[in-house]
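Under the UniProt record's numbering, the sequence shown is numbered contiguously, ending at residue 264.
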Amino acid sequence: MLHGKIALITGSAKGLGKRTALALADLGCDVAINYVNSENEACELVDRLKAKGVRSMAVQADIASRDDNARMIDTISRKWGDVDILINNAGPFVRERRTFDEYELDEIDYMMRGNLIGVMQLDRLVLPAMRSNRWGRIVHFGFGRASEGRGWPHRAVYAAAKVGLVSLTKTLAEEQAAFGVTVNMICPGDIRGGNKEKSIGEVSHLTDEEFPGIRPGSGEDVARVIAFLCMPESDFLTGNVMEVSGGFDPIRSIVAQRQSDGGR
1 MLHGKIALIT GSAKGLGKRT ALALADLGCD VAINYVNSEN EACELVDRLK AKGVRSMAVQ
61 ADIASRDDNA RMIDTISRKW GDVDILINNA GPFVRERRTF DEYELDEIDY MMRGNLIGVM
121 QLDRLVLPAM RSNRWGRIVH FGFGRASEGR GWPHRAVYAA AKVGLVSLTK TLAEEQAAFG
181 VTVNMICPGD IRGGNKEKSI GEVSHLTDEE FPGIRPGSGE DVARVIAFLC MPESDFLTGN
241 VMEVSGGFDP IRSIVAQRQS DGGR
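As structure tokens, this is what we get:
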């Protein structure tokens, strides 16, 4: 369905990005893998994708760096051609729970660049070719309930950046629709650890203790939605913020955990 299309997936050496790379390769995409430090994992994935009969390359770049973003797009363009599909999966995240006043100024700057400004830069770098070719797919990553603009205790910087991407998603969708470019956002639920690279079948027999009756999420749950949005027939779907969460509310979970920890 996507034979010959060129896809760039940021942060794709591992986790949800890796699962998405495999899904797009199965549809015939040539896939550029982006990584910062996980060179071995990126090269292993490149070999796996090539075995599917598509082209693949690994490109080191930190999405928070403007120069890295420009170099990465230039590298792909020179070797293969224009990027047709951009999946903005990468984004720094501080797992330690901290209130906003506990963040250093450099941390705030890096997280905003990695989760919002760098994404905007990559979008801007690929859009001229997409508009010229009158076809393109851009997918942003958010978090559950991002479209509601709610507060997320201990995740202030990350949440603010992703909520900003909600607005960008809707704006670009309207601006680029006439050029055959769709822009959507995927908001994964709390898909944990190794489950990010697993199939639905591998987690279907498991249960989620925090949300009885719902199995844990898998990387395939997210990747299959992204693959659907990238298909030519999905041109009517744009400007959407799509939850892939099993109904799970990550903010509620964090607040409940904080209360059980005595408010910290």
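Virtual Cβ for every residue (Gly too), placed ideally from N, Cα, C.
- Message: Starting from ASN34, trace the beta strand (DSSP E) in both directions and tell me its first and last residue.
- Response: Numbered from 1 along the sequence shown, position 34 holds the residue referred to as residue 34. Here the beta strand (DSSP E) through ASN34 covers 30 to 35.
- Counting Cβ pairs closer than 8 Å, one from the stretch 89 to 98 and one from the stretch 6 to 22, do we hit at least three? Taking 8 Å as the limit for Cβ pairs, the verdict is that the stretch 6 to 22 does touch the stretch 89 to 98.
- Exposure of HIS205, with buried meaning 16 or more beta-carbon neighbours within 10 Å: Your numbering for residue 205 matches position 205 in the sequence shown. Exposed, by the Cβ-count rule.
- Task: Compare the Cα-Cα distances from ASP123 to each of LEU8, VAL244, GLY4, GLY247 and report the closest residue.
- Result: Stepping through the sequence shown from its first residue, residue 123 is reached at position 123. The residue with the shortest Cα to Cα distance from ASP123 is LEU8.
- Item | Uninterrupted beta strand (DSSP E) stretches inside the stretch 90 to 144 (no shorter than 3 residues) | Correct list: 136 to 141.
- Query: What's the C-alpha gap between ILE108 and VAL157?
  - Reply: Start at 1 with the first residue of the sequence shown, and residue 108 comes out as number 108. Start at 1 with the first residue of the sequence shown, and residue 157 comes out as number 157. Roughly 6 Å between the two C-alpha positions.
- If you drop the 5 nearest sequence neighbours on each side, which residues of the same chain put their C-beta closer than 8 Å to that of VAL255? Sequence index remark: in the sequence shown, residue 255 carries index 255 (1-based). Confidence in VAL255 is poor, its pLDDT being 47 and thus under 50, which makes the residue's placement unreliable; the coordinate value appears in the next sentence. Around VAL255: PRO153.
- Message: Here's the rule: buried if 16 or more other CB atoms are within 10 angstroms of the residue's CB, otherwise exposed. What is SER147?
- Response: Residue numbering aside, residue 147 sits at position 147 when the sequence shown is read from its first letter. In this structure SER147 is buried. Its beta-carbon is surrounded by 16 or more other beta-carbon atoms within 10 angstroms.
- Is it true that the CB of VAL83 sits closer than 8 Å to the CB of ALA23? Within the sequence shown, numbered from 1, the residue matching residue 23 stands at position 23. Within the sequence shown, numbered from 1, the residue matching residue 83 stands at position 83. With respect to VAL83, ALA23 sits apart: the two C-beta atoms are not nearer than 8 Å.
- Task: Check whether the stretch 126 to 144 touches the stretch 180 to 196, counting contact only when three or more Cβ pairs, one atom from each stretch, lie closer than 8 Å.
- Result: Contact between the stretch 126 to 144 and the stretch 180 to 196 is present: 3 or more CB-CB pairs across the two stretches fall below 8 Å.
- Determine the closest residue to LYS18 out of ASP47, LEU127, LYS5, with distance taken between C-alpha atoms. As a position in the sequence shown, residue 18 is number 18, starting the count at 1. Considering only ASP47, LEU127, LYS5, the residue with the shortest C-alpha distance to LYS18 is ASP47.
- Just checking, does the stretch 93 to 107 make contact with the stretch 39 to 46 on the three C-beta pairs under 8 Å criterion? Short answer: they don't touch.
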